[in-house]
Amino acid sequence: MLNDIIKFLKPIFEELELGDYLKVSSSDKADFQINSVFQIAKDKHVAPKEIGEMLASKINENDNVSDYFSKVEFVMPGFINLFVSDKLINKHINGYITNGFVEKTTSNDVYFLDYGGPNVAKPLHIGHLRPAIIGESIKRILNLKGYKTIGDVHLGDYGLQIGEVIYGLKKENIPLSELNIDLLNRIYPQMSALAKSDEEVYNECKRITSELQKGNAEYKEYYKKIKEVSVNDIKRLYDYLGVSFDLWLGESDSEPYIPKLMNELESRNLVVVDQGAKIVNIKRDTDKKEMPPVIVEKSDGSAIYATTDLATIMQRVEKYDPKYILYVVDARQGLHFEGVFRIAQMLGYTNNLEHIAFGTINGSDGKPFKTRSGETLKLDELINNTKEIFLSKREENKNMSSVDLDKIVNSIIKYADLQNNREKSYNFDIAKFSEVSGKTGPYILYSALRIRKILTTNTFNKGNVSDTIYNDIDKNLRLKLLDFNKYLDKAIEDRLPSVIAEYVYDLANLLNSFYQNINISKIEDETMKNDYLNILDLSFNVLKECLDLLIIELPSEM
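The sequence shown begins at 1057 in the numbering used here and counts up one residue at a time.
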């Protein structure tokens, strides 16, 4: 709609030799606003009032003005308010109904998303929630727009934890055939704690890890079984959360590229040996903060995160050559990725490498989320705790089907997270986010189910609406629907699912206002009733699409 408005206004401004000053934006004082009056007045050395009144008059004199605006007015100190006509609004509403409400891209750009990042052998905990659902949401937003995406879980499957588990299994003489997730969840934390307190054990776990990376056949067999058991459990939780990946690769899959990486670094004279380790200096003259060198090979010859991340970039570019590679990883890894990206640029990679940083999840007290015993809360525990609290809210909740309950629990957890700007940490208050009122997942679901009930209990002719808009509630709802693509584009530009979460909350509020103020069953005017039902049908489809972008499904009832 904004493009139509600009197209209409452009000849008027150009006739006045003011084409460069045409700037139209949304406003809380009108549907749209021309806010360049002050700049024109300053450049032309005349009063804003004189320019504003002249422009408003010229617009109102146009023969076709009523096709675009119901009112155009200049208001002091220097703004031109534009109130859109019912005809223009409904032209675009009917376009949404007929052609779909998503303005697709024509770009062939490929986005490669690295999100999830769980460590093999370790149970998923609350810290794994954000990378999984932020990454999944961004992927869905890009897909809806029409971009091609490739999602990779990028397992941490080559670190010290593998050596610790192998050490523990051998220490207790546990046959590989007996390894299961419960055993794995017991052995890892025990051996991790032991390695931290006993230097001899730590060195042995470190040796095992190094030997594994060098191809030790015995340790490879342990590794395969550990990975199989762990990944099956990881998939179980990701399936519950509705998070999926095109690729299930890990650090170990970059191993064949490490020799090539090291050769390239050395051939470009980028490697410096420091105390037996190989490092790359990344400091630039323009740096205003300390940028330490990046270690690409430890003194014992083993690889570290920077090495495997660089080798993984090499692998991804060679196999897929995406325009963008997005890393959905904790903000605390910012320095690490800055170093990796700089080295990739030194090697000549022109792909856009972006760190999609996010903050931490804290408890309702503002402190890092922990269990009462002080341990990091496991994802299974978070899910079960959320279920218990929601079930305790109302007696009728206890009669809910398990499928519907799981969908509501997902909405609680995901909307609580995704409504926040990803860059910020936030406090997770399960009781607050489980309410069916306020800015919560259950509130959005309840709003959608209300509208679905209206649509299923009334018959109507699906199709275009008339040129009439019946009241302000109706108009505000239609304008919000026409805002969808603006929010979608903003979410893509800033990589922010919170933009969609904000939009769907506003839309739900408008739908609830409609529900409370307009009783469709009592409307006798068939055209009005049919228009309303078509608007609600479009609203429901937009709201449901937004929920899908936030990885939330509608339950059958609440």
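Cβ atoms here follow ideal geometry from the backbone N, Cα and C, with glycine treated the same way.
This structure is a prediction, so every number in the text was calculated from the model and none was measured.
Status (buried if at least 16 other CB within 10 Å, exposed otherwise) for residue i
i, result
"glutamine 1572", "exposed"
"leucine 1391", "exposed"
"glutamine 1217", "buried"
"serine 1163", "exposed"
"serine 1323", "exposed"
"valine 1385", "buried"
"threonine 1265", "buried"
"glycine 1173", "buried"
"arginine 1242", "exposed"
"arginine 1478", "buried"
"isoleucine 1230", "exposed"
"lysine 1334", "buried"
"glutamate 1192", "buried"
"asparagine 1575", "exposed"
"valine 1555", "buried"
"proline 1348", "exposed"
"arginine 1263", "exposed"
"proline 1312", "exposed"
8 Å contact criterion, which residue i and residue j should meet: CB distance rounded
i, j, result
"lysine 1480", "glycine 1415", "5 Å"
"isoleucine 1529", "serine 1569", "6 Å"
"lysine 1100", "isoleucine 1090", "Their Cβ separation, rounded to whole angstroms, is 15 Å, which puts lysine 1100 and isoleucine 1090 out of contact at 8 Å."
"glycine 1134", "valine 1093", "4 Å"
"asparagine 1607", "isoleucine 1197", "For the record, residue 1607 in the displayed sequence is isoleucine; it is not asparagine. Not really, about 11 Å apart at Cβ, beyond 8 Å."
Selected residue, minimal CA-CA separation from residue i, among the options
i, options, result
"leucine 1072", "Gly1108, Asp1309, Gln1371 and Asn1059", "Gly1108"
"glutamate 1277", "Gly1156, His1392, Lys1226 and Met1318", "Lys1226"
"leucine 1303", "Tyr1471, Thr1205 and Ile1608", "Thr1205"
"phenylalanine 1064", "Lys1542, Ser1266 and Asp1119", "Asp1119"
"lysine 1426", "Tyr1499, Lys1585, Ile1182 and Tyr1214", "Ile1182"
"isoleucine 1061", "Val1350, His1101, Ser1286 and Val1121", "Val1121"
"methionine 1057", "Phe1157, Gly1075 and Lys1114", "Phe1157"
"serine 1490", "Leu1535, Met1614 and Gly1422", "Met1614"
"proline 1553", "Val1327, Lys1195 and Asn1517", "Lys1195"
"glutamate 1374", "Phe1484, Asn1407 and Gly1298", "Asn1407"
"tyrosine 1244", "Glu1220, Asp1208, Leu1326 and Lys1262", "Glu1220"
"valine 1166", "Gly1202, Ile1469 and Glu1444", "Gly1202"
"asparagine 1565", "Leu1501, Asp1523, Phe1516 and Ile1145", "Leu1501"
"asparagine 1137", "Tyr1171, Ile1189, Thr1161 and Ser1082", "Ser1082"
"isoleucine 1412", "Asp1523, Asn1527, Lys1542 and Arg1551", "Arg1551"
"isoleucine 1314", "Asn1288, Ile1360, Asn1337 and Leu1144", "Ile1360"
"asparagine 1155", "Asp1539, Tyr1526, Gly1519 and Leu1535", "Gly1519"
"arginine 1506", "Arg1534, Arg1450, Leu1599 and Lys1449", "Leu1599"
"glutamate 1070", "Leu1111, Phe1088, Glu1106 and Asp1084", "Leu1111"
"tyrosine 1152", "Ser1420, Leu1538 and Val1336", "Leu1538"
"leucine 1185", "Gly1497, Phe1484 and Met1584", "Phe1484"
"phenylalanine 1130", "Tyr1124, Lys1105 and Val1140", "Lys1105"
"lysine 1178", "Thr1432, Ile1381, Gly1419 and Met1132", "Thr1432"
"leucine 1293", "Ile1189, Pro1424 and Thr1368", "Ile1189"
Secondary structure of residue i, DSSP reduced to three states
i, result
"valine 1560", "helix"
"threonine 1162", "coil"
"glutamate 1609", "coil"
"tyrosine 1482", "strand"
"leucine 1180", "coil"
"asparagine 1477", "coil"
"lysine 1339", "coil"
"leucine 1138", "strand"
"alanine 1273", "helix"
"histidine 1392", "helix"
"valine 1299", "coil"
"glutamate 1346", "coil"
"tyrosine 1471", "helix"
"glutamine 1217", "helix"
"tyrosine 1686", "Nothing can be reported for residue 1686, as the shown portion of the chain is limited to 1057 through 1614."
"aspartate 1170", "strand"
"valine 1459", "helix"
"glycine 1108", "helix"
"leucine 1326", "coil"
"isoleucine 1548", "helix"
"isoleucine 1574", "coil"
Host alpha helix (DSSP H) of residue i (start-end)
i, result
"histidine 1148", "1142-1155"
"asparagine 1517", "No alpha helix (DSSP H) holds asparagine 1517; DSSP gives it neither H nor E."
"isoleucine 1206", "It is not in any alpha helix (DSSP H) - isoleucine 1206 instead sits in the beta strand (DSSP E) that spans 1204-1208."
"serine 1358", "Neither: serine 1358 is in no alpha helix (DSSP H) and is coded neither H nor E."
"phenylalanine 1064", "1058-1071"
"valine 1093", "1093-1100"
Start-to-end residues for the beta strand (DSSP E) that takes in residue i
i, result
"serine 1082", "1080-1082"
"tyrosine 1380", "1380-1386"
"isoleucine 1412", "1408-1414"
"aspartate 1130", "Note that residue 1130 is phenylalanine in the sequence shown, not aspartate. 1125-1131 is the span of the beta strand (DSSP E), which, as asked, contains phenylalanine 1130."
"isoleucine 1579", "Careful: isoleucine 1579 lies outside any beta strand (DSSP E) and carries neither H nor E."
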